[in-house]
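Report on the structure given below.
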Amino acid sequence: MNDRISIVTVSYNSAATIEDTILSVLGQTYPEIEYIIIDGASTDGTADIIRKYADRLSYWVSEPDGGIYHAMNKAVAHATGEWIQFLNTGDSFYDKDALSSFIPCIKPGTVVAYGDILCRTSVGDYLQERPPLGTMRRYDVIPHPATLVKTGFQKKMPFDTSFKIAADYDFFYKALYQEKVEFQYIPLTLSVYDAETGASKDRFIENWRECRRIWGRNPSPAIWADRIKALMIWWLRNMMGHIVPKSEVTSHVVEKRRRKRS
Numbered sequence: 401m402n403d404r405i406s407i408v409t410v411s412y413n414s415a416a417t418i419e420d421t422i423l424s425v426l427g428q429t430y431p432e433i434e435y436i437i438i439d440g441a442s443t444d445g446t447a448d449i450i451r452k453y454a455d456r457l458s459y460w461v462s463e464p465d466g467g468i469y470h471a472m473n474k475a476v477a478h479a480t481g482e483w484i485q486f487l488n489t490g491d492s493f494y495d496k497d498a499l500s501s502f503i504p505c506i507k508p509g510t511v512v513a514y515g516d517i518l519c520r521t522s523v524g525d526y527l528q529e530r531p532p533l534g535t536m537r538r539y540d541v542i543p544h545p546a547t548l549v550k551t552g553f554q555k556k557m558p559f560d561t562s563f564k565i566a567a568d569y570d571f572f573y574k575a576l577y578q579e580k581v582e583f584q585y586i587p588l589t590l591s592v593y594d595a596e597t598g599a600s601k602d603r604f605i606e607n608w609r610e611c612r613r614i615w616g617r618n619p620s621p622a623i624w625a626d627r628i629k630a631l632m633i634w635w636l637r638n639m640m641g642h643i644v645p646k647s648e649v650t651s652h653v654v655e656k657r658r659r660k661r662s
């Protein structure tokens with residue numbers, strides 16, 4: 401018997417990318433999928449694209465909301481699957497058999513199951529390095545689009561909407577260190593995401609400030625040393641962007657990460 405999976409896409413003015421995400425979900429060979437889309441009253445035609453697939457969706461709505469994590473919490477309230485996964489606009493599954501390959505690998509007792517994620521850039525793709533789970537106190541090590549969470553647990557602990565960028569990191573941090581639930585890493589590539597955009601990259605300083613709230617629960621010199629290093633790297637990359645074309649900087653990063661994985 402297959403567990404039902406609730407797949408959630410939240411969107412806002414995503415007409416350029418949402419159809420690819422929708423088709424990626426609807427094209428999965430896994431038989432038990434409940435697909436939920438929460439749109440924040442887009443004005444660019446996003447809702448018209450969603451409407452094309454309405455008969456294949458379990459639930460969708462286009463209305464004003466309080467931001468991405470408020471929209472995610474709204475989706476959780478409608479989810480009835482055993483597991484829930486967030487695959488937002490711009491994200492997609494690695495291939496049509498991604499879920500069919502991933503789900504059988506989940507062990508009994510697991511509450512958070514996560515896999516690998518393929519990072520897509522304009523100059524090539526690379527697999528994101530997966531740091532040890534024990535480094536969660538210092539890094540956001542869980543790739544949200546490549547993660548399934550027991551829906552009951554997600555309902556019990558909704559996203560903290562006081563965060564605007566880092567609520568998913570806050571969720572996994574509390575799940576591991578406060579709730580002490582079982583995490584399982586599955587070495588399969590589950591999802592693909594755009595590694596050149598996104599709130600955590602475009603609003604690095606704001607993201608860093610939010611993460612400080614999370615790290616402050618377990619302060620240590622090592623944590624702050626790592627975070628200051630990350631801040632300096634971001635600043636240097638930002639400065640280099642004014643000197644060297646962004647494509648060249650991206651090419652260097654992609655090649656470096658590919659070598660590290662090989």
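Per our numbering, the very first residue in the sequence shown carries number 401; after that it's consecutive.
All residues carry an ideal CB built from backbone N, CA and C; glycine is no exception.
These numbers come from a predicted model, not from an experiment.
Asked                                                                                                        : Found
Under 8 Å between C-beta atoms of Y585 and A546                                                              : no
Candidates G509, V581, A595, of which the one nearest P543 by Cα                                             : A595
Sequence-distant residues of the same chain with beta carbon closer than 6 Å to G490, five excluded per side : T417, D594
D570 in three-state terms, based on DSSP                                                                     : helix
Beta-carbon proximity check, W483 vs K580, cutoff 8 Å                                                        : no
Backbone secondary structure at Y585 - three-state DSSP                                                      : strand
Nearest candidate by alpha-carbon position, reference G615, set V592, Y577, L588                             : Reading off the sequence, residue 615 comes out as Trp, not Gly. Looking at the Cα atoms, Y577 is the closest of the given residues.
DSSP three-state assignment for G534, whether helix, strand or coil                                          : helix
Rounded C-alpha distance that separates A663 from A625                                                       : What the structure shows of the chain is the stretch from 401 to 662, and residue 663 is not part of that stretch, so it cannot be assessed.
DSSP-derived helix/strand/coil call for L457                                                                 : coil
Segment contact flag, the region 444-463 with the region 502-517, C-beta cutoff 8 Å, min 3 pairs             : no
Residues sharing a beta bridge with Q485, DSSP                                                               : I407
The region 404-424 contacting the region 441-456, beta-carbon criterion three pairs below 8 Å                : yes
Same chain, Cβ closer than 6 Å to F563, five either side skipped, listed in chain order                      : D570, E610
Y526 versus S492: straight-line alpha-carbon distance, rounded                                               : 15 Å
Closest residue to F357 among D568, Y430, V592 (Cα-Cα distance)                                              : Any property of residue 357 remains undetermined from this structure, which presents the chain solely from 401 to 662.
Proximity test, K507 beta-carbon vs the ligand ZN heavy atom, cut-off 7 Å                                    : The ligand ZN is not part of this structure, which contains no ligands at all.
Residue span of the alpha helix (DSSP H) that contains I438, given as start and end                          : Note, I438: premise wrong, no alpha helix (DSSP H); beta strand (DSSP E) at 433-439.
C-alpha distance - A479 paired with I436, whole-angstrom precision                                           : 8 Å
Buried or exposed (CB count within 10 angstroms, at least 16 for buried), T535                               : exposed
Contact check, V541 vs L487, beta carbons under 8 Å                                                          : no
Spatial distance of P558 from K496 (CA atoms)                                                                : 29 Å
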